[in-house]
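Those letters in the sequence shown? Residues -26 to -1, 1 to 127, by mature numbering (1 follows the signal peptide of the UniProt record, and there is no 0). No residue lacks a Cβ here, since even glycine has one placed at the ideal position from N, Cα and C. Please read these numbers as outputs of a predicted model, since none were measured by experiment. Let me begin by presenting the structure, written as C-alpha cells, before commenting on it.
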Amino acid sequence: MITPRSLSRGAAALGLTALAALSACAPAHQNAGTVDIRSVDAHGTMGRWTTGESYTIVYAVTETAGRTAVCGAWSYFGGGPSMHYPQMLRSMYVYIGDERLMQNIEFFNATGKTEPGNLGERTLNCAFSDVPWQPAFATTAPRLKQGQTTFVE
C-alpha cells in the first residue's frame, strides 16, 4: 500500500473499485487549449509518497472564451510509484470557495521528472468546467482536494 502525504490528509480513502467505476462513467473534459504559466494566477502544491518520491502540481482557473477553464501541469522527482499518478490525478477535485469546478485532473500537462517545486516547462493544459464563469473566480484562489489517499498495487 502506498499513500501520498499531502493536501487534505483527513480525506477518507475511496475503494479502488468504486473509484474506477466512477472514473469510467465520467465524461472526458472538453479541451480548452493551453496557457503559459506566466499569463495566469497559478497556484501550486507539493506532496510526497511514503516511498520518498515527491510531486509538484501547478494549477489555475481562468476565463477562456467566456467559460471557466481549469489549467495545470505536474512533475515528479524520485523513482517511486509513478504507476499511481493516474489514479491520484483522477481522484482530485478543483474548488473555488465551496464551488466544485472539476473532478479528475488527469489532463494536466505531465512535464516529467524535475527538481521538487519545479515543472521543467511553462505550459499548462486546460479543460472547460461545466460551472459557468463568475467574476468572483478572478479574485478567489482555487484549491485542490484529494478524493483518494491510499493506492494499492
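What does the Cβ neighbour count give for residue i, buried or exposed, with the cut at 16 atoms within 10 Å?
i           : result
residue -3  : Note on residue -3: pLDDT 46, under 50, position unreliable in the model; no value is reported.
residue -6  : Reliability fails at residue -6, whose pLDDT of 41 lies under 50, so the model's placement of it is uncertain and no value is given.
residue 42  : buried
residue 37  : exposed
residue -22 : Only weak support exists for where residue -22 lies, its pLDDT of 47 falling under 50; the value from the coordinates is given anyway. So residue -22 ends up on the exposed side.
residue 60  : exposed
residue 5   : exposed
residue 2   : exposed
residue 28  : buried
Which residue wins for smallest C-alpha separation from residue i, given the options the options?
i          : options               : result
residue 16 : 122, 120, 111 and 121 : 111
residue 8  : 104, 121, 44 and 30   : 44
residue 11 : 23, 61, 83 and 77     : 83
residue 30 : 119, 81 and 88        : 88
residue 18 : 3, 49 and 5           : 49
residue 35 : 122, 120, 119 and 103 : 103
residue 99 : 32, 113, 108 and 52   : 32
residue 71 : 116, 94 and 101       : 116
Considering only DSSP beta bridges, list what residue i is partnered with.
i          : result
residue 35 : 44
residue 49 : 30
residue 17 : 33
residue 85 : DSSP, once it has assigned bridges, lists no residue as partnering residue 85.
For the beta strand (DSSP E) that residue i lies in, which residues bound it at each end?
i         : result
residue 2 : Premise fails: residue 2 is in no beta strand (DSSP E) and is neither H nor E.
*asked:* Runs of 4 residues minimum, wholly inside the stretch 54 to 78: which ones carry the alpha helix (DSSP H) assignment?
replied: 59 to 64
_Inside the stretch 89 to 123 only - beta strand (DSSP E) runs reaching at least 3 residues_ = 97 to 102 and 116 to 120
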